[in-house]
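Using the numbering used here, you'd call the opening residue of the sequence shown number 160 and step up by one each time. Each remark here refers to the structure printed beneath this line.
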Amino acid sequence: MAKFNDLLNLRFRQKESRETKMTALVERANNGDLSSFSGVFRVSPLNEQEKSAIATILDEHKHDEFQDTHTDLASLSILTSEVKAIANQAVILHGERIKKAQELLKRYRDGAFTAWLFATYGNRQTPYNFLQYYEFYMMMPATLQPTIDQMPRQAIYTLASRQGASEKKEAVVRDYSGQSKKELLRLIRQQFPLAEDDQRTANLSSHVIQFLKRANETLKNRYCRPSYSEKEEIEQLLAEIRKIVKK
């Protein structure tokens with residue numbers, strides 16, 4: 160019996176040691192210390208929400224409760240960090256080249272830059288986002304650039320495009336502590352509201368119209384059969400919209 164207990168204790172200690180090593184591996188992976196990739200790209204560590212999300216994916220999809228996910232967690236953490244680093248670097252590289260093209264095309268008639276954007280990207284919004292991101296990134300102190308790498312890209316696009324003091328924008332980056340994209344966008348819109356005559360304000364109305372058109376088409380679909388309570392809710396929403404439009 161003593162030998163059996165000793166064997167159990169040994170296996171427990173081995174498992175504990177393996178888990179400790181795997182935890183350390185995850186930390187090193189998140190810091191970009193396990194791959195030569197970090198010598199080319201700036202790999203930022205995953206935040207706690209990202210780590211938790213990856214761990215949850217593995218836990219929810221493992222075949223049984225005995226499947227050890229520690230090694231896979233370390234590997235997937237590395238891949239996630241690298242994918243994020245590639246995406247961040249890609250935006251910077253795009254923005255840098257778009258900026259150079261913009262400077263070059265200033266020697267030509269108005270519209271040359273826009274024509275080049277459409278010829279190269281097929282639209283104007285995507286490359287303008289890249290350009291604004293790049294200009295904002297280069298404007299920020301080098302000490303804050305790693306933080307920008309960790310922030311949701313849509314939030315940076317929005318922050319870069321808003322009018323406001325650079326010091327105030329720096330504060331938004333400096334105060335970032337893992338907030339979600341939704342939280343950051345709400346904060347940015349509060350601190351940097353659009354002017355009444357801003358073209359993007361008008362675009363919001365256009366979005367509402369397009370949304371209502373899609374809703375109208377959906378209701379016309381023969382497979383759309385709202386219940387009595389759903390019809391009442393739709394009527395209530397329509398009444399609220401009418402009140403807002405009449406103001």
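Idealized CB from N, CA, C, for every residue including glycine. For clarity, every value in this text was computed on a predicted model and none was experimentally measured.
Beta-carbon gap between residue i and residue j smaller than 9 Å
i       : j       : result
Tyr-293 : His-229 : no
Lys-243 : Val-202 : yes
Arg-114 : Phe-272 : In this structure the chain extends from 160 to 406, so residue 114 is not present and cannot be described.
Ala-314 : Ile-368 : no
Ser-236 : Leu-205 : yes
Pro-286 : Ile-257 : yes
Leu-371 : Ile-400 : yes
Val-331 : Phe-289 : no
Ser-325 : Met-297 : no
Glu-207 : Gly-337 : yes
Glu-329 : Leu-303 : yes
CA nearest to the CA of residue i, picked from the options
i       : options                            : result
Gln-291 : Glu-219, Leu-318, Lys-406, Ser-236 : Leu-318
Asn-247 : Met-297, Gln-261, Arg-266, Gln-309 : Gln-309
Tyr-316 : Phe-295, Lys-327, Asp-334, Arg-333 : Phe-295
Leu-276 : Gln-261, Arg-266, Tyr-267          : Gln-261
Cβ distance (whole Å) where residue i is taken to contact residue j below 8 Å
i       : j       : result
Ile-216 : Thr-239 : Not really, about 10 Å apart at Cβ, beyond 8 Å.
Leu-343 : Pro-305 : Actually they do not touch by this definition, with Cβ atoms about 17 Å apart.
Through-space distance from residue j to residue i, alpha-carbon basis
i       : j       : result
Arg-283 : Lys-221 : 43 Å
Leu-263 : Pro-385 : 57 Å
Glu-391 : Ala-374 : 16 Å
Asp-218 : Glu-241 : 22 Å
Arg-381 : Glu-389 : 16 Å
Leu-193 : Leu-232 : In this prediction, Leu-193 scores a pLDDT of 48, lower than 50, which makes its location untrustworthy; the coordinate-derived value is nonetheless stated afterwards. Computed Cα separation, rounded: 14 Å.
Arg-341 : Gln-349 : For clarity, residue 341 is Lys in the given sequence; the question names Arg instead. Taking the straight line joining both Cα atoms gives about 12 Å.
Ala-278 : Cys-383 : 41 Å
Lys-379 : Ile-393 : 14 Å
Thr-225 : Glu-209 : Note that residue 225 is Phe in the sequence shown here, rather than Thr. Distance between the alpha carbons of Phe-225 and Glu-209: 23 Å.
Lys-327 : Asp-223 : 50 Å
Lys-405 : Ala-398 : 11 Å
Tyr-335 : His-366 : 30 Å
Leu-396 : Thr-377 : 16 Å
Arg-268 : Gly-281 : 20 Å
Ser-364 : Asp-227 : 52 Å
Lys-174 : Ser-211 : Below a pLDDT of 50, predicted positions are generally treated as unreliable, and Lys-174, at 49, falls in that range; the measurement from the model is reported next regardless. Approximately 22 Å between the Cα atoms of the pair.
Interface flag, residue i vs chain D, CB-CB below 9 Å
i       : result
Thr-285 : This model lacks chain D altogether; it includes just one protein chain.
Beta strand (DSSP E) runs wholly inside the region 284 to 359, at least 3 long, in chain order: none
Entirely enclosed beta strand (DSSP E) segments - the region 362 to 403, minimum 3 residues: none
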